[in-house]
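Below is one structure, written out as structure tokens; comments come after it.
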Ligand code: ATP
Ligand code: MG
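In full-length UniProt numbering, the protein residues as written are 344 to 574.
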């Protein structure tokens, strides 16, 4: 099992192909993220951004090279102990039919109502929830069709904050959102990122501006790296 981590992440010369007979998709990826750093992954469609994240969360195993978390090769630990310390937020937030309270509590099943509300407040989700007819006890449809994309994202932030993982993975939604919502999401995200190592497939400029390191990925390689000022 992977012991409790600080969130130091290294890719050492990682190459990867999905199919044994297929082409290499990632070529010699090298980087080091220190605990608490936020990393933005950018690049054109098909570049390999999601693939990097698929390897970090071990949806697939590397073909060559190694991925180390706090110096431990992730291929040598149990999936459970790895995923317990990793919060993964994909483009489409998973919403099930049940109350908002239950949907946020999914991050920590024994959380009290007070803990859920406190988490929602930290990530700026509390305000919109309070304005719903039944507040935290509002029933959601499966897939959350009654919520906006921004609201679903805020639910995901609150849920992840409750789970309190050291490493965060976020595949930012591409859905168009207004400026006001963007500011709200940025504030919520900043609160969530505090003290965690994060990997964000970034579509919003504000997210990229705030990242400690930006990796530009193209054709399965990191072709540029730096921060928003240096790039
Ligand atoms: P996007 O911005 O469109 O999400 P991306 O940068 O996330 O793109 P990836 O999804 O990582 O790109 O895909 C990188 C390459 O790997 C692409 O050529 C894609 O066709 C291929 N690929 C992705 N998933 C698989 C899979 N499950 N099996 C085989 N090839 C795959
Ligand atoms: Mg992708």
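Glycine included, C-beta positions come from ideal geometry on N, C-alpha and C. Since the structure is predicted, the reported quantities are computational estimates derived from the model, not experimental observations.
- Task: Keeping to the same chain, check which residues put their C-beta closer than 6 Å to that of residue 409; ignore five residues upstream and five downstream.
- Result: For residue 409, same chain residues with a beta-carbon under 6 Å away, outside a window of 5 residues either side, are 355 and 416 in chain order.
- Item | C-beta neighbour in chain E for residue 555, strict 8 Å | Here there is only one protein chain, and chain E is not present.
- Can you name the start and end residues of the alpha helix (DSSP H) that residue 531 belongs to? 522-536
- Item | residue 514 beta carbon less than 8 Å from that of residue 433 | Yes, these two residues count as a Cβ contact at 8 Å.
- When the distance is taken between beta carbons, is residue 505 closer than 8 Å to residue 462? Going by C-beta atoms, residue 462 is nearer than 8 Å to residue 505.
- Query: Could you give the distance in angstroms between the alpha-carbon of residue 556 and the alpha-carbon of residue 518?
  - Reply: 24 Å
- Task: Could you round the C-beta distance between residue 544 and residue 398 to whole angstroms and report it? I think they count as a contact, below 8 Å.
- Result: Contact flag wrong, Cβ pair sits at about 13 Å.
- Could you check if residue 392 is buried or exposed, using at least 16 other CB atoms within 10 Å of its CB as the buried criterion? With 16 or more other Cβ atoms within 10 Å, it is buried.
- Is the beta carbon of residue 436 sitting closer than 8 Å to the one on residue 499? yes
- Message: For residue 540, report the span of its beta strand (DSSP E) as first-last.
- Response: Element bounds for residue 540: 540-544.
- Query: With distances taken from CA atoms, which of 368, 477, 382 and 429 is nearest residue 568?
  - Reply: 382
- Could you name the residues that DSSP lists as bridge partners for residue 416? Paired residue(s): 411.
- Item | For residue 390, the nearest candidate out of 565, 349 and 429 (CA to CA) | 565
- Query: What number of angstroms, rounded off, separates the C-alpha of residue 540 from the C-alpha of residue 529?
  - Reply: 16 Å
- Can you name, in chain order, every residue of its own chain whose Cβ lies under 6 Å from the Cβ of residue 348, other than the five neighbours on each side? The beta carbon of residue 348 sits closer than 6 Å to those of 412, 413, 428 and 509, all from its chain and outside the five residues before and after it, given in chain order.
- Item | Outcome for residue 574 when other beta-carbon atoms lying within 10 angstroms are tallied against a minimum of 16 | exposed
- Could you check what DSSP says for residue 383 in three-state terms: helix, strand or coil? DSSP places residue 383 in the strand class (E or B) of the three-state scheme.
- Message: I need the DSSP call for residue 376, collapsed to helix, strand or coil.
- Response: strand
- Item | residue 421, buried or exposed, once every other Cβ within 10 Å from all chains shown has been counted against 16 | exposed
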